[in-house]
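Colleague:
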Amino acid sequence: MPDAGPCITASGRKKGLATCWSGEVSSVNDDDHDNHFLQPIARYNDIEEDEPAQLVLCNEYRLFC
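In this text, residue positions in the sequence shown follow my numbering: the first is 25, and each later residue adds one.
1. Is the CB-CB distance between LEU81 and TYR68 below 8 Å?
2. Following the continuous alpha helix (DSSP H) through LEU87, name the residue where it begins and the one where it ends.
3. Helix, strand or coil: which one does DSSP assign to HIS57?
4. Between ALA42 and CYS89, what straight-line distance do the alpha-carbon atoms span, to the nearest angstrom?
5. With DSSP run on the structure shown, which of helix, strand or coil describes CYS82?
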């Protein structure tokens, strides 16, 4: 088993090892405050259109209005 990292023991329980997943889920999609990258990246990938769009992405609304 790979190193599981530090163990947290609850009061009155036996110390042990277990696989633990932890992370953060943002309550709002706020890229300006939630996500930080070393190199700036675009919010959406560029799409090379080879036929007319049937559905429009939210960042493309201004192109079709």
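Backbone N, C-alpha and C define an ideal beta-carbon position, used for all residues, glycine too.
Modeller: In short, the structure shows the following:
1. yes
2. 85-88
3. helix
4. 54 Å
5. helix
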